[in-house]
Amino acid sequence: MTILDTGIKVVRNVGRFTFGEGSVSGVCALVDSRRESSTPNAIFLVDEYFSSKKDFPKSLGAKNNDAVHFIKTVDETSTQGIDKLVSALHASGHNKPATIVGFGGGITLDTAKAVSNLLTNGGKAADYQGWDLVRVPGVHKIGVPTISGTGAEATRTCVMTNLETGLKLGMNSDYTVFDHVVLDPSLTSTVPRNQYFYTGMDAYIHCIEALAGSYRNAIGDAYSRETVNLCRNVFLSNDMMADARRSDLMVASYLGGCAIATSYVGIVHPFSAALSVVFGLHHCVANCIVLNAMSEFYPDGYKEFRQMIELQKVELPTGICANLTDDLRHALIAATIKHEKPLTNALGSDFRATLTDTRIISLFEKM
Ligand code: ZN
Numbered sequence: 061m062t063i064l065d066t067g068i069k070v071v072r073n074v075g076r077f078t079f080g081e082g083s084v085s086g087v088c089a090l091v092d093s094r095r096e097s098s099t100p101n102a103i104f105l106v107d108e109y110f111s112s113k114k115d116f117p118k119s120l121g122a123k124n125n126d127a128v129h130f131i132k133t134v135d136e137t138s139t140q141g142i143d144k145l146v147s148a149l150h151a152s153g154h155n156k157p158a159t160i161v162g163f164g165g166g167i168t169l170d171t172a173k174a175v176s177n178l179l180t181n182g183g184k185a186a187d188y189q190g191w192d193l194v195r196v197p198g199v200h201k202i203g204v205p206t207i208s209g210t211g212a213e214a215t216r217t218c219v220m221t222n223l224e225t226g227l228k229l230g231m232n233s234d235y236t237v238f239d240h241v242v243l244d245p246s247l248t249s250t251v252p253r254n255q256y257f258y259t260g261m262d263a264y265i266h267c268i269e270a271l272a273g274s275y276r277n278a279i280g281d282a283y284s285r286e287t288v289n290l291c292r293n294v295f296l297s298n299d300m301m302a303d304a305r306r307s308d309l310m311v312a313s314y315l316g317g318c319a320i321a322t323s324y325v326g327i328v329h330p331f332s333a334a335l336s337v338v339f340g341l342h343h344c345v346a347n348c349i350v351l352n353a354m355s356e357f358y359p360d361g362y363k364e365f366r367q368m369i370e371l372q373k374v375e376l377p378t379g380i381c382a383n384l385t386d387d388l389r390h391a392l393i394a395a396t397i398k399h400e401k402p403l404t405n406a407l408g409s410d411f412r413a414t415l416t417d418t419r420i421i422s423l424f425e426k427m
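The structure is reproduced here in C-alpha cells:
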C-alpha cells in the first residue's frame, strides 16, 4: 500500500486537562477562576439527561445570574439550533461570558464549541462550516464529557447539519478546541449499556479505519494504536463498565479524538453518515450497524467487533435497509460517495471501481 501525506502539518491539542475519579468537583473552582468584574457570568450547557436532577447546574458552580441551558439530544446538532441558542444568550445578556461549560455527550460538547466561536465571531453557524473559517478565538470553554467514545472533547471540530441545505460539516478550526477538559470516569457509571457500547466503539472504529488507510501520520498512528489497545481492554473484558474499564474508555476516547485530528476515517464512516442522513440514525449506533456488514473490508476489525458485542451481550438493530425503494437507494448511494477523502484513504482515488452502485446497495442490504 502506498502511504500518502495527510496534508495536516500543524495540530493543536486541548490546552489543559484534569483527569481522575472525582475531578468533576473541580469544575466550580475552574469556572470561578475565570470570573472577573467585567465578565462576572458564565454559561452552562448541560445535557438534558441531567435536567431531572433538581439544582444540578448549581453542583457544577452555576450562580443565579449565569445562563443555564439544557441541550436536547434526540436529534443531532443543527446550525439552526445553534443560531437559536446564540440568540437566546444575546437576549439574556450573556454575550460576553467568563467561560462556557459544556457538560454531556458529543452533541452537548459540540454545541458548547460552536456557541463559543459564534459569540466572538458573530454571524450564523452556517457561515463557519468548513476549514479555518473562524476568524478570532472563541470564548474560553471547558468540556466535561459524560460518555466516552466520540472524542468530541479532543477534536478541532463540532459536527452540525444545516437542515436547509443538508450539509453536515463542522467548524474545523484551532479555535474550536476546548481550553480545558475535565475527564472524570465516575460520570459514565450510569450510561445505559447499549449506548455505552455504541459510543465507545466510535473510538475503536475511527482508529481501525485510520490504521488501515493510506493517509498516515506517525503521531496519529501512535494515538490510534493505543486507542485500539484500550478499547480491547474494555470490550474484551468480562465487564466493560467496571470502574477501571470506564477509566480506560475515557482515555481511549480522548486519544482517539487526538488521532482523528491527524488522520482520516475509512469506509465505515461514509456508510454510517448515509444511514444518519437517510434514516436519522445516531452516529455511533449507525457505525456499529455498518461495521457489522463490513467483513470483506475490515476482516480483523469485524471479527473482533463480533467477539466484543457477544461478550458484552449488546443488541444491534437489524433490518434497517430491508425495504429499500429506488429513491432510498439513490439517496443512500449519493450520501455515501460524497465522502471522497475517507473513501480514497481506504480504497484509493478510483474507489468507485470497487464501490459500484450495486456493491454499495448490497452492503446496505446486509444492515
Ligand atoms: Zn465517528
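FYI, the working numbering numbers position 14 of the sequence shown as 74, with every residue one higher than the one before it.
Backbone N, C-alpha and C fix where the C-beta goes; we use that ideal spot for every residue, glycine too.
Predicted model only: the values in this text are computed from it and were never measured.
- Excluding residues up to 5 positions away in sequence, S332, L335, S336 lie with their Cβ nearer than 6 angstroms to the Cβ of A346 in the same chain.
- Per DSSP, reduced to three states, the secondary structure at Y264 is helical.
- When DSSP states are grouped into helix, strand and coil, G165 belongs to the coil group.
- Less than 9 angstroms divides the Cβ of V128 from the Cβ of V106.
- Contact between the segment 380–390 and the segment 398–413 is absent, with fewer than three C-beta pairs closer than 8 angstroms.
- Per DSSP, the continuous alpha helix (DSSP H) segment holding A334 begins and ends at 328–339.
- Spatial neighbours of Y283 in its own chain (CB-CB distance under 6 angstroms, excluding positions within 5 residues in sequence) are listed in chain order as L315, C318, A319.
- Remark: C-beta atoms of T139 and N222 approach each other more closely than 9 angstroms.
- In chain order, Y275, R276, N277, G280, T322, S323, Y324 place their CB closer than 8 angstroms to the CB of T66, counting only its own chain and leaving out the 5 sequence neighbours on each side.
- Less than 9 angstroms separates the beta-carbon of L384 from that of E425.
- Listed in chain order, the beta strand (DSSP E) elements of length 3 or more contained wholly in the segment 352–401 amount to none.
- Burial is judged here by how many other beta carbons sit within 10 angstroms of a residue's own beta carbon; I63 has fewer than 16 and is exposed.
- The beta-carbon distance between G190 and N232, rounded to whole angstroms, is 7 angstroms. This is short enough to meet the 8 angstroms contact definition.
- Between the segment 195–203 and the segment 298–310 there are fewer than three C-beta pairs closer than 8 angstroms, too few to call the two in contact.
- Membership of F79 in any alpha helix (DSSP H) is not indicated; the residue belongs instead to the beta strand (DSSP E) covering 76–79.
- At a cut-off of 8 angstroms, the beta-carbon of C318 does not count as near the ligand ZN: no heavy atom of the ligand is closer than that.
- In this model, N155 and L178 are separated by some 10 angstroms (Cα to Cα).
- At a Cβ-Cβ threshold of 9 angstroms, S297 and G209 do not count as neighbours.
- The beta-carbon distance between A272 and G326, rounded to whole angstroms, is 6 angstroms. This is short enough to meet the 8 angstroms contact definition.
- The beta carbon of M310 sits closer than 6 angstroms to the beta carbons of S208, L243, P245 from its chain, once the five residues preceding and following it are set aside; these are given in chain order.
- Annotation for T133: D107, E108, Y109, G164, G165, I167, T168 place their beta carbon closer than 8 angstroms to its own, counting only its chain and skipping 5 residues before and after.
- H240 has its CB no nearer than 8 angstroms to any heavy atom of the ligand ZN.
- G121 and G162 do not touch by the CB rule: their CB atoms are close to 14 angstroms apart, not below 8 angstroms.
- The beta carbon of R285 is closer than 8 angstroms to those of C267, L271 in its chain, skipping five residues each way along the sequence.
- If you look at A89, you'll find it isn't in any beta strand (DSSP E); it sits in the alpha helix (DSSP H) that goes 87–94.
- Within the DSSP bridge table, the entry for S97 names no partner.
- In the structure shown, H150 adopts helical secondary structure according to DSSP, grouped into three states.
- For L247, the three-state secondary structure derived from DSSP is helix.
- As DSSP reads the structure, I131 sits in a beta bridge with D107.
- Under the three-state reduction of DSSP output, I160 falls in the strand class.
- When only Cα atoms are considered, G379 and K228 end up about 25 angstroms apart.
- In the three-state reduction of the DSSP assignment, K173 falls in the helix class.
- Bounds of any alpha helix (DSSP H) do not take in G203; it lies within the beta strand (DSSP E) bounded by 201–205.
- For R253 and M261, the gap between their C-alpha atoms comes out near 12 angstroms.
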